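Student: In the working numbering, the protein residues as written are 15 to 196.
Heads up, the beta-carbon is just placed ideally off N, CA and C, and yes, glycines get one too.
Everything numeric in this text was worked out from a predicted model, so none of it was measured.
My questions will all concern the structure given below.
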């Protein structure tokens with residue numbers, strides 16, 4: 015949970031942060047184990063160098079490998095169901111991205127359209143396009159469309175439209191006509 019939060023919030027510094035946290039956890043565990051062993055009378059001082067040589071040998075290596083492997087797994091785990099935090103009125107909800115048919119920009123906000131509902135989020139469309147890039151394609155300066163919802167592409171005079179499963183037609187922008195492939 016902590017690693018996922020760090021990955022989402024500090025994406026560029028993720029590996030440095032996870033290795034730093036692993037070393038911090040290792041140091042805290044070493045200090046606590048030294049204090050516990052001293053309180054039971056195994057050591058004369060709080061810091062025993064022979065225990066440090068032993069502890070920072072095999073055991074520390076095993077712990078460090080385990081923590082880095084866990085961080086690597088969390089970082090590279092496929093995220094099949096991507097979720098977004100959106101608003102319905104004043105209520106904050108979590109919405110699965112596979113439920114969204116299309117996204118429309120309206121001022122500083124984005125409207126997420128599903129089968130029957132419309133949700134809102136304050137975000138820029140360009141940022142959302144990069145975040146959802148394989149599943150969603152940008153067809154207009156105002157629209158992002160879920161690839162799985164596209165049925166066909168229609169032409170009416172000079173305008174081109176994308177037709178969705180729901181029957182909704184969305185206009186393809188002039189600068190996006192060459193880029194729209196599905």
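When you compare the region 72-82 with the region 34-54, are there three or more beta-carbon pairs, one atom per stretch, that lie closer than 8 angstroms?
Tutor: Segments in contact, yes.
Student: In angstroms, rounded to a whole number, what distance separates the CA positions of residue 127 and residue 156?
Tutor: Start at 1 with the first residue of the chain shown, and residue 127 comes out as number 113. Start at 1 with the first residue of the chain shown, and residue 156 comes out as number 142. Taking the straight line joining both Cα atoms gives about 13 angstroms.
Student: Write down every uninterrupted run of the alpha helix (DSSP H) in the region 113-150 whose length is 4 residues or greater and which is fully enclosed by it, in chain order.
Tutor: List check, alpha helix (DSSP H) in window: 139-145.
Student: Using DSSP with H/G/I as helix, E/B as strand and the rest coil, what is residue 155?
Tutor: Residue numbering aside, residue 155 sits at position 141 when the chain shown is read from its first letter. Here residue 155 sits in coil by DSSP.
Student: If the criterion is Cβ atoms closer than 8 angstroms, does the pair residue 100 and residue 134 meet it?
Tutor: Along the chain shown, one-based indexing puts residue 100 at 86. Along the chain shown, one-based indexing puts residue 134 at 120. The answer is yes: Cβ separation under 8 angstroms.
Student: Does the distance from the CB of residue 167 to the CB of residue 159 come in under 8 angstroms?
Tutor: Counting from one through the chain shown, the residue named residue 167 turns up at place 153. Counting from one through the chain shown, the residue named residue 159 turns up at place 145. No, they are not a contact pair.
Student: Could you check where the beta strand (DSSP E) with residue 186 kicks off and where it finishes?
Tutor: Numbered from 1 along the chain shown, position 172 holds the residue referred to as residue 186. Per DSSP, residue 186 belongs to no beta strand (DSSP E) and is neither H nor E.
Student: Since residue 164 sits in a beta bridge, which residues does DSSP pair it with?
Tutor: Working through the chain shown from its first residue, we reach residue 164 at position 150. DSSP lists 178 as partners of residue 164.
Student: Can you give me the C-alpha to C-alpha distance between residue 54 and residue 40, rounded to a whole angstrom?
Tutor: Position 40 of the chain shown, counting from 1, holds the residue named residue 54. Position 26 of the chain shown, counting from 1, holds the residue named residue 40. When rounded, the distance between both Cα atoms is 21 angstroms.
Student: Please classify residue 42 as buried or exposed, where buried requires at least 16 neighbouring CB atoms within 10 angstroms.
Tutor: By 1-based counting over the chain shown, the position of residue 42 is 28. Residue 42 is exposed by the Cβ-count criterion.
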